[in-house]
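Asker:
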Amino acid sequence: MNDRENWLRAIEFRSPQWIPCGVALSPLTWHTLRENLEEVVLRHPLIFKGYRKGSTDFDDFPPFYRAGERRRDNWDCVWYGTISGIEGVVVEHPLEDWRALDSYKPPDPKKFSERDERDWDKIRKTVAEQKAKGMLALGEGERLFDRLYFLRGYENLMMDIATDDPHLPKLIDLLLEHELENARLWLDAGVDCVAFHTDIGTQNALMISPEKFRKYIKPMFKTLFTTCREAGAHVLLSSDGRLLDIVDDLIECGVSIHDPQIRANTLDGIEQAYKGKMCVDLDLDRQMFAFCTPEDIHSHVREAVERLDAPEGGLMLIAAVYDAGVPLENIEALCEAMEKYCLEGRHPDA
């Protein structure tokens, strides 16, 4: 069974042969650990499939990841880098003043992504090649709730929602129209799944009340995600923070898979709200990686699998290593634990 078929089986509760999993390494982590990290990566081809020695430049930080640099994206938001190797933050918001809304134009998705130009002929060719090779074809659905506060500024948007500002529906409609066009382009390209980003949670709760979510954000989600599902594609929604209060809403909107953070949502909360209802791409506890032992990590992964896995599927795991202070042995432990509890018996070429 190839990666694509196994991933689809996991998300569709059709008994995958293994639990899809991965370790994401930030440019800062590569820059800090360098050749020593590369040796770990090379020892774990099941986790870092296809990685070749020397393919990473440890000192090459991508745009928007460079300390001290200001860059404007295609939405006219200005980003500032605070730490090299970690994505910067938006510091200038094009719709900070509502008077700019009437004349504001989002980027044309036929030509531009958030930060780059797009070549749809090339994208369609890549999607076809990925599927032919047994690889998952994933479309870039871009940002949703976080796009709103990038455009308006976080405090402004919170006040807009709290006071039911009359401009807010127009802004949401503008975003929805753009995202529908963008999603349809990816659907026409034949992707298996469209991935959206929407950071809407804090460590303890939603950024807005569930009632305000259902009034302003849920209708956008439902229109957009239903469009994808009716076209035969899955919907991956990535959002940090505690979202337990709206999991049923996300399912109703058509979300196929979400990546709940284990610390914010708790293992008990995730088991109760998600298991058997929607596929979980479990975001392991990155806040412990720098401070725990390899044994702690093995226990962490084992408990997550024991609690959330089922023969029919519905579970994936991701470990996001962003901190420069994560010990090398803990990164190796993440790989070893995933191989043991998620990938046991799988061959590197499978």
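The numbering used here puts the first residue of the sequence shown at 1400, with every later residue one more than the last.
Here a beta-carbon is modelled for each residue, glycine too, at the ideal position from N, C-alpha and C.
1) In the DSSP assignment, the beta strand (DSSP E) including residue 1652 goes from what residue to what residue?
2) Determine, using beta carbons only, whether residue 1431 and residue 1723 come nearer to each other than 7 angstroms.
3) With a cut-off of 8 angstroms on the beta carbons, I'd call residue 1736 and residue 1696 a contact; round off their distance for me.
4) Within its chain, find whatever has a CB closer than 8 angstroms to the CB of residue 1476; leave out the 5 residues flanking it on each side and keep chain order.
5) Using CA coordinates, which residue listed in 1618, 1542, 1615, 1653 is at the minimum distance from residue 1631?
6) Would you report the Cα separation of residue 1688 and residue 1682, rounded to the nearest angstrom?
7) Count Cβ pairs between the segment 1517 to 1527 and the segment 1428 to 1447 that sit closer than 8 angstroms; are there 3 or more?
8) By the DSSP assignment, the alpha helix (DSSP H) with residue 1698 in it spans what residues?
9) Per DSSP, which one or two residues make a beta bridge with residue 1488?
10) So, with DSSP's three-state summary, where would you put residue 1554?
11) Check whether chain D comes within 7 angstroms of residue 1457, counting only Cβ atoms and requiring the distance to be less than that.
12) As an exercise, report each continuous beta strand (DSSP E) stretch of at least 3 residues that is fully enclosed by the segment 1408 to 1438, in chain order.
13) Looking at residue 1594: is its Cβ nearer than 7 angstroms to the Cβ of residue 1649?
14) Taking C-beta to C-beta, are residue 1418 and residue 1707 nearer than 7 angstroms?
15) Report the option in 1499, 1669, 1478 whose CA atom is closest to the CA atom of residue 1468.
16) Quick one, which of 1402, 1602, 1410, 1428 has its alpha-carbon nearest residue 1673's?
17) Considering only C-alpha positions, which residue in the set 1580, 1624, 1610 is nearest to residue 1597?
18) Could you tell me if residue 1503 is buried or exposed, where buried requires 16 or more neighbouring beta carbons within 10 angstroms of its beta carbon?
19) Can residue 1406 and residue 1586 be called in contact, C-beta distance under 7 angstroms?
20) Helix, strand or coil: which one does DSSP assign to residue 1631?
21) Taking just the CA atoms, how far does residue 1702 sit from residue 1423?
22) Quick one: give me the first and last residue of the alpha helix (DSSP H) that residue 1741 is part of.
23) Give the list of continuous alpha helix (DSSP H) stretches no shorter than 4 residues that lie fully inside the segment 1501 to 1540.
24) Report the rounded CA-to-CA distance for residue 1531 versus residue 1579, giving the unit in angstroms.
25) Just checking my contact of residue 1740 with residue 1700 at CB under 8 angstroms: how many whole Å lie between their CB atoms?
26) Quick one: grab the DSSP three-state call for residue 1575.
27) What's the C-alpha gap between residue 1560 and residue 1570?
28) Of the choices 1514, 1730, 1415, 1603, whose alpha-carbon is the least far from that of residue 1690?
29) Exposed or buried, what is residue 1581 when buried is set at 16 or more other beta-carbons lying within 10 Å of its beta-carbon?
Answerer: In short:
1) Against the sequence shown, residue 1652 aligns to sequence position 253. Run containing residue 1652: none in the beta strand (DSSP E); it sits in the alpha helix (DSSP H), 1646 to 1652.
2) Taking the sequence shown and counting its residues from 1, the one referred to as residue 1431 is at position 32. Taking the sequence shown and counting its residues from 1, the one referred to as residue 1723 is at position 324. Note that the C-beta distance between residue 1431 and residue 1723 is below 7 angstroms.
3) For the purposes of this step, residue 1736 is taken as residue 337 along the sequence shown, with counting starting at 1. For the purposes of this step, residue 1696 is taken as residue 297 along the sequence shown, with counting starting at 1. Between residue 1696 and residue 1736 the Cβ distance is about 6 angstroms, and since that is below 8 angstroms, they are a contact.
4) Residue 1476 sits at position 77 when you count from the first residue of the sequence shown. Listed in chain order, the non-local C-beta contacts of residue 1476 below 8 angstroms within the same chain comprise 1489, 1491, 1492, 1493, 1549, 1550, local neighbours out to five positions each way being set aside.
5) What you label residue 1631 is simply residue 232 of the sequence shown in a count that begins at 1. Ranking 1618, 1542, 1615, 1653 by CA distance to the CA of residue 1631 puts 1653 first.
6) Numbered from its first residue, the sequence shown carries residue 1688 at position 289. Numbered from its first residue, the sequence shown carries residue 1682 at position 283. Straight-line Cα distance between these residues: approximately 12 angstroms.
7) Contact fails: fewer than three Cβ-Cβ distances are below 8 angstroms.
8) Residue 1698 sits at position 299 when you count from the first residue of the sequence shown. Counting along the chain, the alpha helix (DSSP H) containing residue 1698 begins and ends at 1693 to 1707.
9) As a position in the sequence shown, residue 1488 is number 89, starting the count at 1. Per the DSSP secondary-structure output, residue 1488 pairs in a beta bridge with 1479.
10) Translated into the one-based positions of the sequence shown, residue 1554 becomes position 155. DSSP places residue 1554 within a helical segment (H, G or I) once states are collapsed to three.
11) Considering every chain present, this structure includes no chain D. It has just one protein chain.
12) The qualifying runs are 1420 to 1424.
13) Along the sequence shown, read from residue 1 onward, the residue named residue 1594 stands at position 195. Along the sequence shown, read from residue 1 onward, the residue named residue 1649 stands at position 250. Contact: no.
14) Looking up residue 1418 in the sequence shown gives position 19. Looking up residue 1707 in the sequence shown gives position 308. With respect to residue 1707, residue 1418 sits apart: the two C-beta atoms are not nearer than 7 angstroms.
15) Translated into the one-based positions of the sequence shown, residue 1468 becomes position 69. Among 1499, 1669, 1478, the Cα nearest to that of residue 1468 is on 1478.
16) To locate residue 1673, count along the sequence shown from 1; it is residue 274. The closest CA to that of residue 1673, considering only 1402, 1602, 1410, 1428, is found on 1410.
17) By 1-based counting over the sequence shown, the position of residue 1597 is 198. Residue 1597 has its Cα closest to that of 1624, out of 1580, 1624, 1610.
18) In the sequence shown, residue 1503 corresponds to position 104, counting from 1. Counting Cβ neighbours within 10 Å, residue 1503 comes out exposed, since fewer than 16 surround it.
19) Within the sequence shown, residue 1406 is the residue found at index 7, counting from 1. Within the sequence shown, residue 1586 is the residue found at index 187, counting from 1. Taking 7 angstroms as the Cβ cut-off, residue 1406 and residue 1586 do not qualify as a contacting pair.
20) One-based indexing of the sequence shown puts residue 1631 at position 232. DSSP places residue 1631 in coil when its eight states are reduced to three.
21) Stepping through the sequence shown from its first residue, residue 1423 is reached at position 24. Stepping through the sequence shown from its first residue, residue 1702 is reached at position 303. Spanning the two alpha carbons is a distance of roughly 21 angstroms.
22) Here residue 1741 is taken as the residue at index 342 of the sequence shown, counted from 1. Neither: residue 1741 is in no alpha helix (DSSP H) and is coded neither H nor E.
23) If we require 4 residues or more, the alpha helix (DSSP H) runs fully inside the segment 1501 to 1540 come out as 1519 to 1531.
24) The sequence position of residue 1531 within the sequence shown is 132, counting from 1. The sequence position of residue 1579 within the sequence shown is 180, counting from 1. Just so you know, the alpha carbons of residue 1531 and residue 1579 end up roughly 27 angstroms apart.
25) By one-based count along the sequence shown, residue 1740 stands at place 341. By one-based count along the sequence shown, residue 1700 stands at place 301. Contact holds; Cβ gap of about 5 angstroms.
26) On the sequence shown, residue 1575 is found 176 positions in, with the first residue counted as 1. Note: residue 1575 maps to helix in three-state DSSP.
27) As a first step, residue 1560 is located in the sequence shown; it is residue number 161 there, counting from the start. As a first step, residue 1570 is located in the sequence shown; it is residue number 171 there, counting from the start. When only Cα atoms are considered, residue 1560 and residue 1570 end up about 12 angstroms apart.
28) Position 291 of the sequence shown holds residue 1690. Closest in C-alpha terms to residue 1690, from the list 1514, 1730, 1415, 1603, comes 1730.
29) Here residue 1581 corresponds to residue number 182 of the sequence shown, with the count starting at 1. Classification of residue 1581: buried, given that the 10 Å Cβ count is 16 or more.
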